[in-house]
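In this note's numbering, the protein residues as written are 201 to 599. As structure tokens, the structure follows; a few thoughts come after it.
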RNA sequence: GCUCCUUUCGUCUAGUCCGGCCAAGGACACAGGGCUUUCAACCCUGUAACCCGGGUUCAAAUCCCGGAAGGAGCACCA
């Protein structure tokens, strides 16, 4: 073993270690020597012996001499990453397309902003497109707010997001029908006319109902009837998945159902509406989305959608699950804000006390600071709470 | 109940994949000092963390096993 070489490197780090902490320590110096010259690992005992000698020499030196000698060496310091981490699956020159897909039943709050900014930032980083897509396929329980469409676009612009195109799922129903019919014709889907309770029971026990084995012609006929004669709740279109799947909600999940309720965008033109997992999967494919960033509440949906992507032989986009950016206090949730407004405790969605994007705007918060705050917080999977003090500090630094 | 996920200073995080420049870095907050007529701002300094217990190894924040705590999901919502 090249004893002199070890001695030389060990001396460098022993001096540094002694200067930083008063005296040099074997473990620390050995680590650094081994990381610089990995081949010394072959004979660690020998290396330890040599390094111990060096350390004893160095520790006996007067402080001034150590400082003088340390100055002769240069030490590299690890560089810290700036911004979002690289996506390991991205190949050189690859574009990353993302989308922000809110339900327009309310206005954007800081939790939405996190997802939107991260998506926008990644699409910018990899020269891709960033879409704003309104997932408005339930006119009843998630009744769209007509003003929310334009306001969300405004909010995104204020946040510095570069929207490539705005899409409303309610305007793409024909497209979803086309793909639904393809699934029926390929034998991957069937119309189920069982009562809801019966269906839930069958699903729970992993049993196929009679509808599942009906012919394609019969299924297509029932599909046509969904749009005309069947009433709400009488028929749904289900995807054939795996009736033995450990999670019963994944077994033959529902893709379309009947909702007789006027939609603010399309009125009463459609009554058969796709569910989130169907419309979202179709659009992600159609829009060539390569990266989906979403909250962890969607974990199960990814599994459901996988069956759909497989049925069409499509590639599933990469998914990044992130924890929620939460707000502390009484106005943490959208419903809280709604109540506060109705009770007059807030003047509206743009009240400076509301944790909505509109609220931050009237409050005079710097959107660049919100953006930087979100990016600095990164893509952790656990929840965190909004820190306005830190946003103010970033804002100060920026101005 | 079942399934999945997460855990690093007070807070938000870097580092974890692939053990060794980590006696763990940064930011915010906090404390002290400087500057200023005062406050703010600014500059300097400081306090402070690998959830717990085992194991592997010359070496563990990093790998393995066990436990704890927290979160999410189990829809004809998204």
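Glycine included, C-beta positions come from ideal geometry on N, C-alpha and C.
Asked, Found
"The segment 384 to 395 contacting the segment 327 to 341, beta-carbon criterion three pairs below 8 Å", "no"
"In DSSP terms, what residue 485 is bridged to", "None, per the DSSP bridge assignment."
"Extent of the continuous beta strand (DSSP E) run through residue 392", "389 to 392"
"Per-residue burial, residue 585 [other beta carbons within 10 Å of its own, 16 or more giving buried]", "exposed"
"Residues near residue 393 in its chain [Cβ-Cβ closer than 8 Å; skip 5 each side]", "411, 422, 430, 434 and 435"
"Cβ pair count under 8 Å reaching 3, the segment 257 to 270 against the segment 282 to 291", "no"
"Inter-residue Cα distance where the pair is residue 512 and residue 369", "20 Å"
"Element boundaries [alpha helix (DSSP H), containing residue 331]", "Residue 331 -> not in any alpha helix (DSSP H); beta strand (DSSP E) instead, spanning 330 to 334."
"Per-residue burial, residue 500 [other beta carbons within 10 Å of its own, 16 or more giving buried]", "exposed"
"Distance between beta carbons of residue 250 and residue 230, contact taken as under 8 Å", "Not confirmed; about 10 Å, so no contact."
"Per DSSP, cross-strand counterpart(s) of residue 230", "The partner list for residue 230 (beta bridge, DSSP) is empty, contrary to what the question assumes."
"Beta-carbon spacing of residue 474, residue 376 below 7 Å", "yes"
"CB-CB length for residue 158 against residue 321, believed under 8 Å", "With the chain running from 201 to 599 in the structure shown, residue 158 is simply not present."
"Where residue 521 falls: helix, strand or coil (DSSP)", "strand"
"Contact under 7 Å by Cβ, residue 355 with residue 304", "no"
"Spatial distance of residue 543 from residue 347 (CA atoms)", "21 Å"
"CA-to-CA distance, residue 424 to residue 414, given in whole angstroms", "15 Å"
"Minimum C-alpha distance to residue 389 - residue among 208, 227, 451 and 587", "451"
"Reference residue 553; option with closest CA among 568, 528, 573 and 496", "528"
"contact_flag[the segment 586 to 597, the segment 563 to 571] where n(CB pairs < 8 Å) is 3 or more", "yes"
"Cβ shell of residue 213 (< 7 Å), same chain only, five flanking positions each side left out", "229, 232 and 233"
"Whether residue 519 touches residue 502 by CB criterion (7 Å)", "yes"
"The segment 300 to 317 in contact with the segment 349 to 363 per 3-pair CB rule at 8 Å", "yes"
"For residue 585: DSSP bridge partner residues", "526"
"DSSP three-state assignment for residue 261, whether helix, strand or coil", "coil"
"Residue interval of the beta strand (DSSP E) (run including residue 300)", "298 to 300"
"One or two residues paired with residue 439 in a DSSP bridge", "389"
"Exposure label - residue 426; buried when at least 16 CB within 10 Å", "buried"
"Distance, residue 206 Cα to residue 239 Cα", "11 Å"
"Alpha-carbon spacing of residue 545 relative to residue 509, whole angstroms", "47 Å"
"Endpoints, the alpha helix (DSSP H) within which residue 219 is located", "203 to 221"
"At least three beta-carbon pairs within less than 8 Å, the segment 451 to 461 to the segment 482 to 490", "no"
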